[in-house]
Each structure stands twice: as structure tokens, then as C-alpha cells.
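Beneath this line is the structure, given in C-alpha cells, with notes to follow.
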Amino acid sequence: MASTTEDPLLKSSLSSISSLMALQLFSRLFTFILNQALFRLASPSAFGAAAIQFELILSTILFLSREGVRNALLRVNKDSSDTMRKRMNLAFLPIVLGAPLALGTSFLYARFSSQEMKAQPHFYMAISLYALAAFTELLSEPMHNTAMSRLLTGVRVRAEGFSITIKSVVTFLVLLLDARSGRGNLALLAFAIGQLAYATTLFLAYISHFGTDMFSSLSQHYLPIDDGRRDDLLDGNLLKLALTMMSQSVIKHFLTEGDKMVLSWYSPLRDQGGYAIAVNYGSLIARIVFQPIEETLRMFFSKTISVTNDKGRIKAEALKQSSVTLLSLLTIQTSFSLIFVIFATAYLPILLPILLPPQYLATSAPTVLAAWVWYIPVLAFNGGLEAFLSSVATPADLNKQSRWMIGFSVVYISTAIFLYSLDIGDASLVYANVINLSARIIYCLAFVVQFFAKSSPPQSFRHPFLEIAGRLWAICHSHPDKRKFLRSDSDSGKRRTIRFVQDTHPDTRRTWRHFNNRLYSGVVGLRRTFPIATRT
């Protein structure tokens, strides 16, 4: 009976992953094509100012205003109408926080930014438009949270997909007009107007679905009737959880955007543009694949783990399902990460002249892209594990993670500064992030293992790759001729493949057969967890 009631959630989760991936694929491919024109129309300095510094201001306002509320609302179950009303009132909190945060952040940035940045044409107008765009986007938060609570992923896909399209087209048209006029001083305004167009389109798209009386409708359903019970406005426990997550988001935001902060301090605007275009390419896989998976897993685990039995404990079926899902995901990510690293390191030098415009080849973009090859697998692991942690952690667990996050931030900053001192350049930020995320992965793995071990009944959680890696290490060191264990072949110096030599130790082939079987088991586990409905 439990599995029957959970089937709609599983199917909705699978639908959410595919829909969000389709959104990211469409938006990224479309913007990828337009960005090829944008990179050539905008100078590296203008692109660096917009993509690094202005985007840092925008993400600071949005992330700190809404991230904690979004994560807290994902844990809301369908209770009584009064409970739902108090909990959904929390969806308006980002608007209340966003207005002063947008004003304060933009004012402080305009006051303390560098002279090189202030010398950019229309600097103050551009930063004002970015602050207005951030607040306009926050107006969509109540509708966004309502759509996500009702599992209306299609509404979000259509709204964000159309908004990203409008943003790219508007930015391109303003840059094209600026280029044809011959003045070349509207680059910053082009990106600012494009961002405002995105926020406005997103708000109108949600309004078109929920109706023009969306806010009054929400007030009728969620806000309390004027009967003097103003203390009954919000759910106290959920508000406490949201504030805890919000305080943690400050540290998490510092870690996420720390590269832009350090880059703004150490690098000139030209190299910031090179770093921005490299990150734009490097994050394609992260945005198209990893981000939808992370968001859907956060929703899936939040709903699954919240199912309790009569004694108030998490159901055994829910625990087992969560364990199998997470293990299967990590197994598949391990396999594809190995394949990606092998081929990306070999073919990236061939792709660089195709991907980068000539003026960006002289910046830090090539070295940053090479570092991103090693960063993408780490992003994959961290996203799924942190999605699980944020879904099941108690306020005490979140406070503990926040304290560890402070230590991780110190590791990140010190590593980045140390690598900069070794003249590694802007790639130092990527390698420092690899070390930072690796530490966070270890912490999340320890939390996951402890969570399932303390559950009732206890669930085992062991990544099969760790066992296989240990066996391969033992085989390598026991083989009589270690140099023949792996051989690197080249074809005219352009292609490289890594293959096992046929005359190596017989245990090698048995180990890889075992690994393939575990990989197949991971795929089957995901298939069972997210059953695909077939049409008859």
C-alpha cells in the first residue's frame, strides 16, 4: 500500500528531472548560439564586468533572499488548510527581504567598486537596473513556490525557458544596435536590460498561468482573516527552519561565489572576461544535467523521508528507497565521470580554437577550461550528496554543517591565494574549488552513512567504487610488470586512448567485469526507483 501511494511522487520526480533537463538543454543551447555572437560583439572587459561582478551582485540578492525559504517549503506536506495557509505565507518572505537587500547591496557595490569598473560607460545605470531586475524576479517567488509545492514542473519550465530566450534576444539586439552605431558604449546596459527583461518576462509568465489576481488569491487562501490573530500568520517551526537555512545560505553563497569575489580582487577586467567565458562553457554540463538532478533529488528526498509511520519514525520502505536511489546515482556518476575525464583531457586542445573567439585566446580562458575538466566530476558528486543532506537534516545538523562550512571557506580562500602565488593564474580558483568540494563531499558522505546507520531499521550505505578502486590498486601493485598494466597509445599525436593490455593480470578483467555488473545494478536500481510508465 505504501508503494502505491508513493508512485505519484516517483513519477512526478522522474517527470521533473526530464522537464528540467529539457529546459536546461534548450536554454543552454539557445544561449550558447547567441553567446557566440555576444562574445564577439562585447569586449572581454565589458563581458567580465557583466558576467562576473554584476552577476555576483544579482546572485547575492536572490540567493540570500529566497534560498532558505525554498528549501524549507519543500518539506511542507499536505496537512490541514490552516497549517498549509500558515506555511505558504512564508513564500512572501523573499519579497520582504529582497527590497532592502537589493538597495543595500547595489549601493555598497557602487560605493566600493574599483576605479576601472566605475570607468565603464553607464556603470551606475547598469547596476541600478540589475537591482531592479533582482527585486522583480523575487516578485515571482510566491508563484514559484506554489508551483513547486503542487509539482507543477511544466509551469516553471515554460516560464523560465521563455524568459531565458527573451533575455538572450534582448541582450543581443542591444549589443548589435550598439555595434552598428559605432559608439560601443552600451555593453553594460545591454546585459542589464536583458536581465530586467528576463525578470519581467518570468513574472508575467507566472501571472499568465495563475491569473492576474494571483496575489489577492493567495491572500484569500493563505493570509489569515482579520480576526485579531496576527500571531497566527506563520508556522513557527517552519520559520525557524527557514531562518536556519537562510543563515547557512550566507556561508554557502560565499563558497559558491567565492571564485568571483577572489577574481574581482586579483584579476583585471579583461581576464575576468576570459574566466567568465570559460565558466560559461564549463558549466554547460553542470547546468543541463547536474542542476536538474540536484533540484529534483532535493524535492524527492524531502517528500520521501517525511513519510512516517504510526510511531512517528521514517518508514522502512522510504529509507530503503532513498538509500538505493542515492547509491545508484553515485555509481552512475562515477562511471561517467571517468569516461568524461579521459576524453575531455585529450580533445580539449582541439576544441579551444573553435569555442573561443580570437580575442579570448589571449586571456585566461584556455587554462580555466582545462581545469574545469577536473571540476565537473566533483560537482556531480557534491550536488547529489548535498541535496540529500539539505532534505533530511535537522536544524542542529544544519548548524553543525554551517560551522564546517566556515572551515571549508578558509581552506578555499587559502588554497586559492597559495595557488595564485605560484603563478597558476585564474585556474587557481577552479583547483581551489575542487579541493573545497572534495572536503564537502567527505563531510556529506560521513553524514549519509551515519544517517542510514542510525535509522530504524539500519540501512547499509557503501559506494561500490571504493571497493573496486581498492582492488585495482592491489592488482596494480601485485602485477609483475606495472608499466604494462596501462598503456597510452597515440594516433599521429592527436588522439589518445587508454586501454587495458590483453596480457595483464587475469584479476584485472574479473575486476572490471565486477565493476560493470555493479554499474548495471545501479541503473536497474534507478529504473526501479523511478518506474517509467509505458503506454498500452
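FYI, the numbering for the sequence shown is 4 to 539, going by our numbering. C-beta: ideal position from N, C-alpha, C; glycine also. Remember, it's a predicted structure, so these values are computed and weren't measured experimentally.
Compare the beta carbon distance of residue i and residue j with 7 Å and say whether it is the shorter of the two.
i    : j    : result
S431 : L440 : no
A435 : Y415 : yes
A182 : L41  : no
Y363 : I280 : yes
C447 : L392 : yes
S305 : L77  : yes
A379 : I288 : Note that residue 379 corresponds to Ile in the displayed sequence, not to Ala. For I379 and I288, yes; Cβs fall inside 7 Å.
L132 : A195 : yes
L189 : A129 : no
P369 : L355 : yes
L330 : S458 : no
I254 : M120 : no
A137 : L199 : no
F455 : S340 : no
In terms of residues, what are the limits of the alpha helix (DSSP H) holding residue i?
i    : result
L382 : A368 to V395
N74  : E58 to L76
H125 : Here H125 belongs to no alpha helix (DSSP H), and DSSP marks it neither H nor E.
R183 : T156 to S184
I210 : A190 to F213
K323 : A319 to L358
N92  : First-last for N92: undefined, no H or E at that position.
F293 : Where F293 is concerned, there is no enclosing alpha helix (DSSP H), given that its DSSP letter is neither H nor E.
R443 : A430 to K457
R153 : Segment: none, R153 is in no alpha helix (DSSP H) and carries neither H nor E.
L258 : G239 to T259
S46  : Per DSSP, S46 belongs to no alpha helix (DSSP H) and is neither H nor E.
G410 : P398 to S424
P361 : P361 to L364
Whole-angstrom Cβ separation of residue i and residue j, contact assumed at under 8 Å?
i    : j    : result
A193 : T174 : 5 Å
D274 : D429 : 6 Å
T247 : N385 : Not really, about 21 Å apart at Cβ, beyond 8 Å.
I546 : S109 : With the chain running from 4 to 539 in the structure shown, residue 546 is simply not present.
A49  : Q123 : 7 Å
M146 : F213 : 5 Å
L272 : A52  : 6 Å
Please go through the same chain and pick out, in chain order, the residues whose beta-carbon is closer than 6 Å to the beta-carbon of residue i, but skip the five residues on each side of it.
i    : result
L37  : S171 and F175
P159 : Before going further, note that residue 159 is Arg rather than Pro in the sequence given. Counting only Cβ-Cβ distances below 6 Å, and skipping sequence neighbours, we find A150.
Q143 : Reading the sequence as shown, one finds Ser at residue 143 and not Gln. Only L205, F206 and Y209 meet the Cβ criterion.
T63  : T108
L111 : none
A134 : A105 and S109
L96  : V72
Who are the near neighbours of residue i in its chain, counting only those whose CB is closer than 8 Å to its CB and skipping five residues on each side?
i    : result
P398 : K243, L244 and T247
S83  : For S83, the predicted structure reports a pLDDT of 49, less than 50, and the residue's modelled location is therefore unreliable. The matter cannot be settled from this model.
M249 : L67, E70, G71 and V72
L351 : L372, A373 and V376
I438 : V414, Y415 and T418
Q336 : P380, A383, F384 and G387
V177 : L189, L192, A193, I196 and G197
S367 : S270, D274, G277, Y278, A281, G428, D429 and A430
Spatial neighbours of residue i within its chain, please: CB distance less than 7 Å, with the 5 preceding and 5 following residues excluded, ordered by chain position.
i    : result
G473 : Its pLDDT being 48, under 50, G473 is placed unreliably in this model, and the value from its coordinates should be taken loosely. For G473, where only same-chain residues beyond five positions count, there are no Cβ hits under 7 Å.
A442 : F411 and V414
A419 : V265, S431, L432 and A435
A567 : For residue 567 there is no data in the structure shown, the boundaries of the chain being 4 and 539.
A347 : V376
Checklist entry - Do three or more CB pairs link the segment 65 to 79 to the segment 91 to 105 at distances below 8 Å? => result Judged by Cβ distances under 8 Å, the segment 65 to 79 makes contact with the segment 91 to 105, as three or more pairs qualify.
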